[in-house]
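Numbering (mature numbering (1 follows the signal peptide of the UniProt record, and there is no 0)) for the sequence shown: -21 to -1, 1 to 136.
Following: one structure in structure tokens, then a few remarks.
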Amino acid sequence: MNKIISSMALLFIMLFISACTGNTDSADDTTTPKAVEVEILLPEEISLNEESILKVRLTQDQENVEDAEDVQFEIWKANSQEESELIEAKYEKEGIYSVKKTFQEDGIYYVQTHVTASGMHVMPKKQFVVGNVSEEELNSLKEEPQTQGGSQGHSHH
């Protein structure tokens, strides 16, 4: 009987020790990946019928993301999202991806980047002006909030 109690006590102690030491390696390890930060970079001025380069800078934990799985720019004129154009971006350098686009009409436009990197999908959106727009259109531009940044723009609801 003493042998059985001793064996069970030894087994209990071994389980207790292994459970305590099993977590020491991961105690300081953060398994949650840092968010992918997205910064949309647009030219100061975008003119009609001239090729413009639209860029996005991707970083994660303050490091450039050079191996994003997918980067696309969705571009549409205000009140015409159903006519949006999706353009695949090309990697340039230092976490910057870009597309070339020639705009045919004056107006207020939107660009929403669709970025998949490090298993995350990020979709920030930014408003911008092409060519000449009326005072009324400019006022509507100022009233509508922009969503730029890492984790904004996920909702489709």
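Every residue, glycine too, gets a C-beta built ideally from N, C-alpha and C.
On a predicted model such as this, the values are computed, not experimentally measured, just so you know.
Annotated three-state conformation of GLN83 is coil, per DSSP. Beta-bridge partners assigned by DSSP to ALA14: none are found. In the DSSP assignment, SER77 forms a beta bridge with LYS34, LYS69.
The beta carbons of ILE25 and VAL35 sit about 16 Å from each other, so the pair does not count as a contact at 8 Å.
With a cut-off of 8 Å on Cβ pairs, the region 105 to 118 is not in contact with the region 59 to 78, counting fewer than three such pairs.
With respect to SER77, GLU84 sits apart: the two C-beta atoms are not nearer than 8 Å.
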